[in-house]
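First residue of the sequence shown? That's 7 in the working numbering, and the numbers climb one at a time after it. Using N, Cα and C, we set each Cβ at its ideal position, and we do this for glycine too. What you are looking at is a predicted structure, and each value in this text was computed from that prediction instead of being measured. The next block holds one structure in the form of C-alpha cells; read it before the comments.
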Amino acid sequence: MASARLRWLSAALVALGALCLLLSMHGLPLLPGEPLGFRKEGRFLQLPALDCRRDPPFLVLLVASAHDQLPARTAIRETWGGQRAARGRRTETLFLLGTSPSPAAARAVAREARRHRDIVQKDFVDAYLNLTLKTMMGIEWVHRFCPRAAFVMKTDSDMFVNVAYLVELLLRRNRTARFATGFLKLHELPIRERRNKWFVSRREYPWDRYPPFCSGTAYVLSGDVASQVYRVADRVPFLKLEDVFVGLCLAKLRIGLEELHSEQTFFPGGLSFSPCRFRRIVACHFVPPHKMLSYWKALEASPGEACPAE
Ligand SMILES: *[C@@H]1O[C@H](CO)[C@@H](O)[C@H](O)[C@H]1NC(C)=O
Ligand SMILES: *[C@@H]1O[C@H](CO)[C@@H](O)[C@H](O)[C@H]1NC(C)=O
C-alpha cells in the first residue's frame with residue numbers, strides 16, 4: 007500500500023519535472039487562469055487576385071484597414087500601394103478587413119474587392135479589439151497562399167511607406183530567413199490603468215513585462231517567419247494588442263528583432279515632411295489621405311540628386 011503510494015508520488019514528481027522542463031524550454035511560465043491561446047478559425051470571404059505560385063512577390067504589404075477608411079485605401083492605391091515593383095523586385099499591397107454589421111457597408115466592400123482584387127477578408131467582426139485577428143488573417147493568407155514571398159510588412163492605413171527604400175534596404179541587408187524588423191520596443195511593460203487605450207488587465211496578461219516587439223504601425227518579417235508565426239500562434243496566449251502578440255510568437259520561436267538600418271527609418275510618432283527626409287525613411291505614421299497624395303507628388307517631382315548623400 008505504502009509502496010504503491012510512493013510509486014505514485016515518484017511518478018507524479020517525474021511528470022512534474024518533465025512539465026517544468028517543457029515549460030522552461032518554451033519560455034512562458036504556466037499560471038493558474040493563463041489566458042487561452044489564439045484560435046485558428048473563421049473562413050475567408052474575400053481573397054485577392056494574386057498568383058503567388060508562379061512568380062512570388064519579393065514583398066507583400068498588408069495594410070490593416072476598416073470599412074469606413076475607403077479614402078485612405080484609395081490614397082494608398084494611388085501612391086505607395088499602387089507601386090508594383092522596386093529595384094526590379096515585385097511588390098504587392100493588400101488590405102485586411104473584417105466584417106461590418108451594416109449590410110450597406112458589407113455590399114460596398116464586396117464591390118470594392120471585385121473592382122480592385124486587393125482585399126483579404128474573413129468573417130470576424132471588424133473592431134479595434136479584434137486587431138490581432140486581422141493581423142493573423144493577413145499572416146495566415148501569406149502562410150496559405152503566398153509562402154514564397156521573401157518579405158511581409160504589416161502596416162496601417164494612416165502610414166506612409168517608402169516601398170522603394172524599404173526594398174533597397176532589405177536587399178542591402180541581404181537576410182533571407184529568421185528576420186524581423188521595425189521600430190523596436192524592447193522593454194515595454196503592460197499598462198494597467200483602465201482608461202488607457204492600451205490597458206491590459208492581469209487576467210488578459212498576467213506577466214509583468216512584454217517580450218520584445220515591433221511597433222504595430224509598421225514591421226517586416228521574412229516570409230519564413232510569417233509562416234512560423236502562423237504555425238505557433240495557437241500555442242501563445244491570445245492578446246488583443248497585435249504587435250505584442252506577434253512579439254510573443256517571435257519569443258516562442260526564439261527569433262530576435264533586428265534593426266534594418268543604423269539610422270532610424272521607422273517613425274511611429276510621425277515626422278514632418280520634406281522630400282529629402284522622406285527619401286530616407288521606410289514608414290511614417292499619422293499621414294491622412296490628402297497628405298499621402300501631396301507627399302507622393304512632391305517625392306516624384308523632386309530630383310533625388312539634390313539631397314545630401316547618405
Ligand atoms: C471579434 O470578432 C468575433 C468574431 O466575429 C466577435 O465574436 C467579437 O465580438 C469581436 N470583438 C469585438 C470587440 O467586436
Ligand atoms: C548575401 O548573403 C549570402 C549568404 O547568406 C552570400 O553568399 C552573398 O554573397 C551575400 N550577398 C551580398 C551582396 O552581400
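{"Asked": "Ignore the nearest five residues each way along the sequence and tell me which others in PHE251's own chain have a CB closer than 6 angstroms to its CB.", "Found": "THR138, LEU245"}
{"Asked": "What separation, rounded to the nearest whole angstrom, lies between the Cα atoms of ARG95 and GLU264?", "Found": "22 angstroms"}
{"Asked": "Looking at the structure shown, is PHE244 part of a helix, part of a strand, or coil, going by DSSP?", "Found": "coil"}
{"Asked": "If I'm right that ALA55 touches ARG123 with Cβ under 8 angstroms, what's the distance once you round it to whole angstroms?", "Found": "4 angstroms"}
{"Asked": "Who's in the neighbourhood of ligand 1, going by beta-carbon under 5 angstroms from any heavy atom, listed in chain order?", "Found": "PHE130, VAL131, ALA133, LEU135, ASN136"}
{"Asked": "Where are the beta strand (DSSP E) runs, 3 residues long or more, that stay fully inside the region 80-138, in chain order?", "Found": "95-105, 125-131"}
{"Asked": "Where does SER300 fall in DSSP's three states?", "Found": "helix"}
{"Asked": "Could you tell me which residues DSSP puts in a beta bridge with SER228?", "Found": "PHE157"}
{"Asked": "So PHE284 is in the alpha helix (DSSP H); what residue range does that whole segment cover?", "Found": "281-285"}
{"Asked": "Pick from LEU256, PHE189, LEU247: whose alpha carbon is nearest that of THR271?", "Found": "PHE189"}
{"Asked": "Starting from the C-beta of GLU248, find all residues in its chain whose C-beta is less than 6 angstroms away, skip the five residues before and the five after it, and write them out in chain order.", "Found": "LEU137, THR138, THR141, GLY222"}
{"Asked": "Consider the C-beta atom of ASN168 and the heavy atoms of ligand 2; say whether any pair is separated by less than 7 angstroms.", "Found": "no"}
{"Asked": "So, for LEU27: in the same chain, excluding its five sequence neighbours on each side, which residues have a beta-carbon less than 6 angstroms away from its beta-carbon?", "Found": "For LEU27, the predicted model reports a pLDDT of 44, less than 50, meaning its position is unreliable; a value from the coordinates is still stated below. Cβ within range, chain order: n/a, list empty."}
{"Asked": "Which first and last residues belong to the beta strand (DSSP E) in which VAL69 is found?", "Found": "65-70"}
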